[in-house]
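These notes concern the structure reproduced below.
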Amino acid sequence: MIRHYLQFKDLNREELDYLFERTRWIKEQFKSYKQYWPLTDRTLVMIFEKASTRTRLSFEAGMQQLGGSAIYLNTRDSQLGRGEPVEDAAQVISRMSDIVMIRTFEQEIIERFAANSRVPVINGLTNEYHPCQILADIYTFIEHRGPIQGKTVAWIGDSNNVCNTWLQAAEVLDFNVHVSTPPGYEVEPERAGLYGTAHYEEFSDPMEAARDADLVTTDVWTSMGFEAENEERMRDFADWQVDGDMMKIAAKDALFMHCLPAHRGEEVAAEVIDGPHSVVWDEAENRLHVQKALMEFLLLGKVS
Ligand code: CP
Ligand code: NVA
Numbered sequence: 028m029i030r031h032y033l034q035f036k037d038l039n040r041e042e043l044d045y046l047f048e049r050t051r052w053i054k055e056q057f058k059s060y061k062q063y064w065p066l067t068d069r070t071l072v073m074i075f076e077k078a079s080t081r082t083r084l085s086f087e088a089g090m091q092q093l094g095g096s097a098i099y100l101n102t103r104d105s106q107l108g109r110g111e112p113v114e115d116a117a118q119v120i121s122r123m124s125d126i127v128m129i130r131t132f133e134q135e136i137i138e139r140f141a142a143n144s145r146v147p148v149i150n151g152l153t154n155e156y157h158p159c160q161i162l163a164d165i166y167t168f169i170e171h172r173g174p175i176q177g178k179t180v181a182w183i184g185d186s187n188n189v190c191n192t193w194l195q196a197a198e199v200l201d202f203n204v205h206v207s208t209p210p211g212y213e214v215e216p217e218r219a220g221l222y223g224t225a226h227y228e229e230f231s232d233p234m235e236a237a238r239d240a241d242l243v244t245t246d247v248w249t250s251m252g253f254e255a256e257n258e259e260r261m262r263d264f265a266d267w268q269v270d271g272d273m274m275k276i277a278a279k280d281a282l283f284m285h286c287l288p289a290h291r292g293e294e295v296a297a298e299v300i301d302g303p304h305s306v307v308w309d310e311a312e313n314r315l316h317v318q319k320a321l322m323e324f325l326l327l328g329k330v331s
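Using the numbering used here, you'd call the opening residue of the sequence shown number 28 and step up by one each time.
What follows is the structure in structure tokens.
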């Protein structure tokens, strides 16, 4: 049976433990310049309907480092932007490739693609979710602090795709998320794909959400696709900046993460993202290693 990775909970806890262990090994091979080519002759197609730096780079470099090749398609210069049904595109693309990564708008689009695909499909960000990002974030947490189970993550800002994915991850891996959003931007549990409310708590005061947290994280106030709301959001989110005072109220050894790209002076103060709690560069790098483990798992299953 084909396995897709469309949202975080598509992998269970035992599979995630395996994936993180594989990530560690694959990263070690890469760091010691050892060739590891399990995907020789395999082709990844990457479809981008929104901009990207990290996701494109990490998937393209990752596939090459595993011995395969990657093809980049975007909406502007393929038939995807000219109204070809997503079901037809899925039929054709999946007959010419071994695995597909898509960055698009509504989750429904990637689900329709996957339903018509002969090969595994990976979510490289939708309006609702960004599962590869949270794989990298949790792997980064584990590298720095050990298991995330039972820990508290503070999410400050918009209840967007990255927030929704943290909330799903908390259910799968049994940790807690303290969420603080401005009024009107609260979590929508159904849209987030949650089973319940046991693993998160909402706080009207962002400082209270950050209190004693093991990890403080945030994201842009305006996500891709929501640019028309930018001016209003700049006003509404003005008090939801992660700054030095907020990091002081978090646990003493709290980490700071941001999926990037970041806007210093908006959702995060420069003193935090460029300061001692920040692990944002490790977080970005780990996209590469964790996605290599993910592609290996979806194509070959468990190999160790
Ligand atoms: N964090 C992330 O997905 O970055 P890009 O938009 O650059 O891919
Ligand atoms: N929430 C952001 C994440 C970018 C990587 C967006 O969707 O634009």
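From the three backbone atoms N, C-alpha and C, an ideal C-beta is built for every residue, glycine too.
Near the ligand NVA: residue i beta-carbon under 7 angstroms from a heavy atom
i: M251; result: yes
i: L152; result: yes
i: V247; result: yes
i: N313; result: no
i: N187; result: yes
i: H290; result: no
i: H171; result: no
i: H304; result: no
i: H205; result: no
i: H157; result: yes
Collapsed DSSP secondary structure at residue i in the structure displayed
i: T192; result: helix
i: R139; result: helix
i: M28; result: coil
i: M322; result: helix
Any non-hydrogen atom of the ligand CP closer than 7 angstroms to residue i Cβ
i: Q160; result: yes
i: R81; result: yes
i: P112; result: no
i: L93; result: no
i: L282; result: no
i: C286; result: yes
Residue from the options with nearest C-alpha to residue i
i: E219; options: E235, A240, C190; result: In the sequence under discussion, the amino acid at residue 219 is Ala, which differs from the Glu named in the question. For A219, the nearest C-alpha among the options comes from C190.
i: A237; options: E259, A277, E229; result: A277
i: F86; options: E323, V295, D270, W248; result: E323
i: P209; options: K36, A255, W267, Q318; result: W267
i: Q160; options: V295, H285, S124; result: H285
i: E228; options: L194, M261, Y222; result: L194
i: A88; options: V72, S305, R262; result: V72
i: V148; options: L43, E298, I53, T131; result: T131
i: M273; options: P288, D232, L100; result: D232
i: V113; options: I129, W308, G95, P288; result: I129
i: D309; options: I126, K178, A163; result: A163
i: M55; options: L326, G328, K329, E312; result: This sequence places Glu at residue 55; Met is not what is there. Minimum Cα distance to E55 is reached at E312.
i: P158; options: L326, L321, S331; result: L321
i: D44; options: R81, Q92, I165; result: I165
i: F168; options: D241, G302, Q318; result: D241
i: I183; options: E258, V295, S331; result: V295
i: M90; options: S331, V330, L325; result: L325
What runs of the alpha helix (DSSP H), each 4 residues or longer, lie entirely inside the stretch 39-120?
40-58, 81-92, 113-120
Note down, one range per segment and in chain order, each alpha helix (DSSP H) of at least 4 residues found wholly within the stretch 153-232.
Counting whole runs of 4 or more residues, the stretch 153-232 contains the alpha helix (DSSP H) stretches 158-172, 188-200.
Whole alpha helix (DSSP H) elements within the stretch 235-317, 4-residue minimum
257-263, 271-276, 297-300
Is it the case that the stretch 59-77 contacts the stretch 239-249, given that we only count it when at least three CB pairs across the two stretches are under 8 angstroms?
When Cβ pairs closer than 8 angstroms are counted between the two stretches, the stretch 239-249 is seen not to touch the stretch 59-77, the count staying below three.
Check whether the stretch 134-146 and the stretch 110-120 are in contact - that is, three or more C-beta pairs closer than 8 angstroms.
yes
Does the stretch 72-79 come into contact with the stretch 129-140, if we say contact requires no fewer than three beta-carbon pairs (one atom in each stretch) closer than 8 angstroms?
yes
Taking three-plus beta-carbon pairs below 8 angstroms as touching, is the stretch 211-227 in contact with the stretch 169-178?
With the rule of 3 Cβ pairs closer than 8 angstroms, the stretch 211-227 does not count as touching the stretch 169-178.
Spell out a yes or no on whether the stretch 195-204 and the stretch 33-43 are touching, meaning 3 or more CB-CB pairs, one atom from each, closer than 8 angstroms.
yes
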